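Engineer:
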């Protein structure tokens, strides 16, 4: 009986933590979807609002053919993406599907991995995504982004 009481108390104590984690997961998924949506819509300001905007931000994208795009620090990432979007202003009607999400919380940070499938003009590209999110003032922001082709 004593074990049942201890288990019940522990379960009740854990319920708010589980609810917060579930809420954080949903907020993270929304943020990641919006970040991609804004990028492909060519909406720099909305895209930029998804990121931590200081020297700690890291962004890297590896494409097939050994093309590596990367920027370290907001002073590099902001202009890099901003200039790219200005040079390529037409929205891209890409369809994104993400699955196999894994989430690992670390205090006010959240490590996220997933598989991503980008379909454009009937061609699908399979990628692995890694994001680290940081919560500041109650809002999740991306501090690290990495994307690379699935083997």
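Numbering (our numbering), first residue to last: 1481 to 1631. Idealized CB from N, CA, C, for every residue including glycine. In this text the structure is predicted, and so the values were computed from the model without any measurement.
May I ask you to report which of helix, strand or coil DSSP gives residue 1525?
Structural biologist: Position 45 of the chain shown, counted from the first residue, corresponds to residue 1525. DSSP places residue 1525 in the helix class (H, G or I) of the three-state scheme.
Engineer: So for residue 1545, helix, strand or coil by DSSP?
Structural biologist: On the chain shown, residue 1545 is found 65 positions in, with the first residue counted as 1. In the structure shown, residue 1545 sits in coil (DSSP, three-state: anything other than H, G, I, E or B).
Engineer: At the level of alpha carbons, what is the spacing between residue 1603 and residue 1610?
Structural biologist: The residue labelled residue 1603 in the question sits at position 123 within the chain shown. The residue labelled residue 1610 in the question sits at position 130 within the chain shown. Each residue's alpha carbon lies about 22 Å from the other.
Engineer: Restricting to Cα atoms, I'd like to know which of 1578, 1594, 1531 and 1519 is closest to residue 1584.
Structural biologist: Translated into the one-based positions of the chain shown, residue 1584 becomes position 104. Ranking 1578, 1594, 1531 and 1519 by CA distance to the CA of residue 1584 puts 1594 first.
Engineer: Residue 1613: buried (16+ other C-beta within 10 angstroms of its C-beta) or exposed?
Structural biologist: For this step, residue 1613 is matched to residue 133 along the chain shown. It is buried - the Cβ of residue 1613 has at least 16 other Cβ atoms within 10 Å.
Engineer: For residue 1600 and residue 1577, I'd like the C-alpha separation in whole angstroms.
Structural biologist: Here residue 1600 refers to the residue found at position 120 of the chain shown. Here residue 1577 refers to the residue found at position 97 of the chain shown. Rounded to the nearest angstrom, the two C-alpha atoms are 12 Å apart.
Engineer: Might you give, ordered along the chain, the residues of its own chain that have their beta carbon closer than 8 Å to the beta carbon of residue 1534, omitting 5 neighbours on each side?
Structural biologist: Locating residue 1534 in the chain shown gives position 54, where the first residue counts as 1. Excluding residues within five positions, the ones whose Cβ falls inside 8 Å are 1553 and 1554.
Engineer: Is the distance from the Cβ of residue 1574 to the Cβ of residue 1581 below 8 Å?
Structural biologist: One-based indexing of the chain shown puts residue 1574 at position 94. One-based indexing of the chain shown puts residue 1581 at position 101. One thing to note: residue 1574 has its Cβ no nearer than 8 Å to the Cβ of residue 1581.
Engineer: Going by DSSP in three states, residue 1566 sits in which element: helix, strand or coil?
Structural biologist: For the purposes of this step, residue 1566 is identified with residue 86 of the chain shown, where counting begins at 1. Helix at residue 1566.
Engineer: Would you say the region 1506–1514 touches the region 1546–1566, given that touching needs at least three Cβ pairs under 8 Å?
Structural biologist: no
Engineer: Decide if residue 1510 is buried, meaning its Cβ has at least 16 other Cβ atoms within 10 Å, or exposed.
Structural biologist: Here the question's residue 1510 lines up with position 30 in the chain shown. Exposed.
Engineer: CB of residue 1580 to nearest heavy atom of the ligand MN: below 7 Å?
Structural biologist: The ligand MN is absent from the structure shown, which contains no ligands of any kind.
Engineer: Since residue 1623 and residue 1530 are thought to touch, with beta carbons under 8 Å apart, how far apart are those beta carbons, to the nearest angstrom?
Structural biologist: Reading the chain shown from its first residue, position 143 is the one you call residue 1623. Reading the chain shown from its first residue, position 50 is the one you call residue 1530. Their Cβ separation, rounded to whole angstroms, is 11 Å, which puts residue 1623 and residue 1530 out of contact at 8 Å.
Engineer: Residue 1595 bridges to which residues according to DSSP?
Structural biologist: Sequence index remark: in the chain shown, residue 1595 carries index 115 (1-based). In DSSP, residue 1595 forms a bridge with 1579 and 1608.
Engineer: Could you compute how far the alpha carbon of residue 1608 sits from the alpha carbon of residue 1550?
Structural biologist: If you number the chain shown from 1, residue 1608 lands on position 128. If you number the chain shown from 1, residue 1550 lands on position 70. Going from the Cα of residue 1608 to the Cα of residue 1550 covers about 16 Å.
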